[in-house]
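The next block holds one structure in the form of structure tokens; read it before the comments.
In UniProt numbering, the protein residues as written are 1 to 298.
Here is the structure:
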């Protein structure tokens, strides 16, 4: 907590900031900040109060932005967060066309696997993979996010083609590192889902790097079909089908979702971006549009 920095931002003495906070604590009848001679930090109730105030300020900001843009062309800064591989391969080409159509919208794109809180992190649109979100967001399903096992023809000629989960242990794996841990491969047999004990030959949090290593005949890769489709079509990689299911999760519906807050959808820049991206990206690999049944809101 830095009173001096806050005072500088508002152009007032630091003592004024301290007095205003003390006045607020008196009005509320609670201690918002715990003060010592060396530190100032939020109390537990102070942290809860700040969270609620931030939510209210965000709604006020949205309302002002909505009124300001009501009768004008979509404009302003649009903040988008997306998974790196999906962002590079599919989102960025779509955004290039979006920028041509809406030149007054400034795109601020963050490529990261880290989870985001749309309200707290001031993100207008997020694209994430996994199960359908259960929190207070609208989730538009863009892709089923089916995982595919693949390798180069040269690698398979040298090492053989695995047909079962057990045979995978004789092969080299090119594995993805998520934001918190290595993403393990999961197989399904008669005893249920279990981790496949395969030895990594290369690990990266960049899907493009994993694909490049696979094309260099360094091992097997297990990635989303949308990331591999061009390489499979050109024959640089070959899709493998095992006798038992293999994925990076233990069953359940998965997908790539476009996420946004319903309260921000009425803002022109957000509305046109959601409509454009769903139309472009939900076509996916099958050429079919996202159906209403694939959409969820919370």
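Note that CB positions come from ideal geometry on N, CA and C, so glycine has one too.
Alpha carbon of residue i to alpha carbon of residue j, nearest angstrom
i, j, result
"residue 111", "residue 85", "8 angstroms"
"residue 27", "residue 13", "22 angstroms"
"residue 8", "residue 228", "51 angstroms"
"residue 177", "residue 148", "17 angstroms"
"residue 43", "residue 263", "30 angstroms"
"residue 132", "residue 282", "15 angstroms"
"residue 273", "residue 95", "9 angstroms"
"residue 103", "residue 269", "11 angstroms"
"residue 271", "residue 265", "5 angstroms"
"residue 220", "residue 201", "9 angstroms"
Best match in the options for proximity to residue i [C-alpha to C-alpha]
i, options, result
"residue 209", "240, 175, 239, 75", "175"
"residue 137", "244, 124, 98, 179", "124"
"residue 259", "78, 141, 51, 50", "141"
"residue 78", "222, 107, 195", "107"
"residue 53", "32, 130, 99, 153", "32"
"residue 196", "205, 39, 222", "222"
"residue 49", "178, 156, 29, 192", "29"
"residue 80", "92, 74, 73", "92"
"residue 250", "133, 152, 146, 73", "146"
"residue 218", "105, 159, 232, 25", "159"
"residue 234", "75, 5, 152, 97", "152"
DSSP three-state assignment for residue i, whether helix, strand or coil
i, result
"residue 257", "strand"
"residue 108", "strand"
"residue 156", "helix"
"residue 136", "coil"
"residue 7", "helix"
"residue 77", "strand"
"residue 130", "strand"
"residue 143", "strand"
"residue 17", "helix"
"residue 32", "coil"
"residue 41", "strand"
"residue 149", "strand"
"residue 114", "coil"
"residue 47", "helix"
Quick one: complete alpha helix (DSSP H) runs, 4+ long, within the stretch 172 to 245? 207 to 215, 225 to 234
Are three or more beta carbon pairs between the stretch 236 to 246 and the stretch 105 to 122 nearer than 8 angstroms? no
Mind the definition here: the stretch 209 to 223 touches the stretch 187 to 194 only if three or more C-beta pairs lie below 8 angstroms; say whether that holds. no
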